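Numbering-wise (our numbering), the sequence shown opens with residue 70 and increments by one.
By construction, the Cβ of each residue, glycine as well, lies at the ideal position given by its N, Cα and C atoms.
Computed from a prediction, not measured in an experiment: that's the story for all the values here.
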Amino acid sequence: MSLVSENEFTELVTSYGEPLRWLHTLDVSHNQTRVPFRDRSAEIVLAIPRPNRRVLLHIKDFYPPTAYRLLTGGVEDGEPIIDAARREIREETSLPIDLARWLGIVEYEFIERAGRTKFTSYIFLTEPSTGTPHTLDASEQISEFREVAWSELANVAEALDHLPGDWGDWGRFRAIPHRLVLEAISDFKFQISE
């Protein structure tokens with residue numbers, strides 16, 4: 070399992086539950102300019118519950134207009150997964166929340182023109198939040214936050230799957246964690262707060 074030692078994995082499972090585990094192979098040889106593995110080998114994906122059974126999404130100022138998605142952030146070399154997740158919550162939302170559940174792991178193999186590259190997404194559900202999110206890191210270029218019903222994550226994934234042009238490979242990659250979140254919430258029968 071990318072980046073996670075056996076001890077760290079055991080600690081995460083003990084604290085946040087057993088995650089779903091998915092494997093995906095994606096052909097990104099069409100356009101490799103937007104895939105995330107150039108400067109990191111793993112990321113955190115955050116499902117942040119909001120009031121009225123909604124979940125927080127964001128969009129960046131350079132994304133296509135339909136590319137709203139769950140928040141993500143890179144895991145730095147040697148950084149424990151839990152520390153990366155908490156750092157990303159703080160940097161991207163400033164919300165005073167912690168992690169509630171480990172929803173899943175997606176291990177990718179990207180097929181490139183020059184070979185294959187591995188990448189991992191660690192997906193967490195946070196505690197519910199009612200505060201107003203705002204980014205602490207202007208370099209993130211987050212232009213807007215939006216809340217949608219949890220069931221709308223299927224439509225979010227579908228929109229990402231069908232991004233045009235050179236956003237296509239990136240969108241297909243970004244759609245996968247949204248589907249895992251939907252399955253995890255259904256499988257674990259989470260009670261998403263009102």
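- Bridge partners of residue 78 according to DSSP: none are assigned.
- Taken atom to atom, the span from the alpha-carbon of residue 193 to that of residue 182 is near 32 Å.
- Assignment of residue 225 by DSSP, reduced to helix, strand and coil, places it in the helix class.
- Per DSSP, the unbroken alpha helix (DSSP H) holding residue 151 starts and ends at 150-162.
- Sorting 177, 212, 136, 171 by C-alpha distance to the C-alpha of residue 85 places 171 at the top.
- Of the residues assessed, residue 201 falls on the exposed side of the cut-off, its CB having fewer than 16 other CB atoms within 10 angstroms.
- Counting the other Cβ atoms within 10 Å of the Cβ of residue 231 gives fewer than 16, which makes it exposed.
- Around the CB of residue 116, 16 or more other CB atoms lie within 10 Å, so the residue is classed as buried.
- When secondary structure is reduced to three states using DSSP, residue 131 falls in the coil class, being assigned neither helix nor strand.
- For residue 194, DSSP records a beta bridge to 116, 170.
- Around residue 169, the same chain offers 194, 195, 196 as residues with beta carbons nearer than 7 Å, after the five sequence neighbours per side are excluded.
- In this structure, DSSP gives residue 125 an extended state, which the three-state scheme calls strand.
- Rounded to whole angstroms, the Cβ separation of residue 204 and residue 161 is 5 Å, and the two are in contact under 8 Å.
- Apart from the 5 residues on each side of it in sequence, residue 206 sits with its Cβ closer than 8 Å to the Cβ of 160, 161 in its chain, given in chain order.
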